[in-house]
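Presented below is the structure to which this report refers.
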Amino acid sequence: MSAEEAWVSFAEIADKSCQKAYEGLVEEDIDGPNTGKLKIRLTFEQAGENSFALKMPDGTLSEAPWMEYYACEASFAIDNIDIEDSSIPPYSADLPLKVSFDHVTATYLTTQVVSGNERKLSYTVADEVISQVENLVEGSKTKLTFGLPDAEKTAIVNDFYAEMYG
Numbered sequence: 287m288s289a290e291e292a293w294v295s296f297a298e299i300a301d302k303s304c305q306k307a308y309e310g311l312v313e314e315d316i317d318g319p320n321t322g323k324l325k326i327r328l329t330f331e332q333a334g335e336n337s338f339a340l341k342m343p344d345g346t347l348s349e350a351p352w353m354e355y356y357a358c359e360a361s362f363a364i365d366n367i368d369i370e371d372s373s374i375p376p377y378s379a380d381l382p383l384k385v386s387f388d389h390v391t392a393t394y395l396t397t398q399v400v401s402g403n404e405r406k407l408s409y410t411v412a413d414e415v416i417s418q419v420e421n422l423v424e425g426s427k428t429k430l431t432f433g434l435p436d437a438e439k440t441a442i443v444n445d446f447y448a449e450m451y452g
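Taking my numbering, the leading residue of the sequence shown gets 287, the next gets one more, and so forth.
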């Protein structure tokens with residue numbers, strides 16, 4: 287896959303993943319410094335506008351900013367590249383988000399500078415959406431599960447908002 291093909295393919299997968307996240311999503315750290323961390327996104331029908339919550343391994347709950355979900359992070363980065371229309375920005379070696387495809391591991395690799403720090407992520411894709419993200423700098427792996435969260439995870443979000451706004 288050429289650099290341009292990797293860019294276009296990844297941009298399409300990032301967009302599909304973000305759109306699918308609107309149907310519900312659980313992102314679970316399965317390895318790394320925060321193993322067991324959950325980011326949960328309920329659908330509007332499930333919880334209204336207050337549908338994002340983060341549960342840390344120690345049990346603390348907080349609101350999870352929508353732009354910090356791996357399912358949408360790359361899509362937002364691509365959408366924020368200044369172009370004149372709403373299509374995928376054309377490939378250029380000068381783009382702030384670098385994308386390549388690793389044929390050996392069948393993963394997309396991205397690099398960008400965020401708040402002065404280099405951020406390197408490896409994306410595994412299944413069924414045309416992102417299924418796992420490995421943060422190569424932080425040393426974490428996060429599994430993405432699309433669809434309605436189960437009752438236990440739904441309760442985490444509902445309990446958090448009941449406690450916050452109760």
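Even glycine gets a Cβ: it sits at the ideal position worked out from N, Cα and C.
Distance, residue j Cα to residue i Cα
i: V385; j: Y377; result: 10 Å
i: A357; j: A297; result: 12 Å
i: C362; j: M353; result: A small correction: the amino acid at residue 362 is Phe; Cys does not occupy that position in the sequence shown. Their Cα atoms are separated by approximately 7 Å.
i: T391; j: L340; result: 30 Å
i: Y394; j: D388; result: 6 Å
i: E331; j: E414; result: 25 Å
i: C304; j: L311; result: 10 Å
i: E313; j: A379; result: 31 Å
i: S417; j: L430; result: 5 Å
i: A437; j: G402; result: 40 Å
i: E349; j: A333; result: 13 Å
i: S288; j: Y451; result: 50 Å
Cβ distance (whole Å) where residue i is taken to contact residue j below 8 Å
i: D315; j: S426; result: 6 Å
i: T397; j: E404; result: 7 Å
i: N320; j: M342; result: 7 Å
i: I374; j: V294; result: 6 Å
Local Cβ density within 10 Å of residue i, reported as buried at 16 or more and exposed below that
i: V399; result: exposed
i: V423; result: exposed
i: Y355; result: buried
i: A453; result: Nothing in the structure corresponds to residue 453, since the chain is present only between 287 and 452.
i: A292; result: buried
i: T428; result: buried
i: A448; result: exposed
Heavy atom of the ligand NAD within 6 Å of residue i beta-carbon
i: E449; result: No copy of the ligand NAD occurs in the structure displayed, which carries no ligand at all.
Beta-carbon proximity check, residue i vs residue j, cutoff 7 Å
i: L324; j: F446; result: no
i: N421; j: L407; result: yes
i: K439; j: I326; result: yes
i: E432; j: K306; result: With the sequence shown as reference, residue 432 is identified as Phe, and Glu is not the correct amino acid for it. Going by C-beta atoms, F432 is nearer than 7 Å to K306.
i: V411; j: L328; result: no
C-beta neighbour in chain D for residue i, strict 7 Å
i: K323; result: Absent here is chain D; the protein component of the structure consists of one chain.
**Study point:** 4 or more residues per run - each alpha helix (DSSP H) lying fully within the region 405-451
**Key:** 437-451
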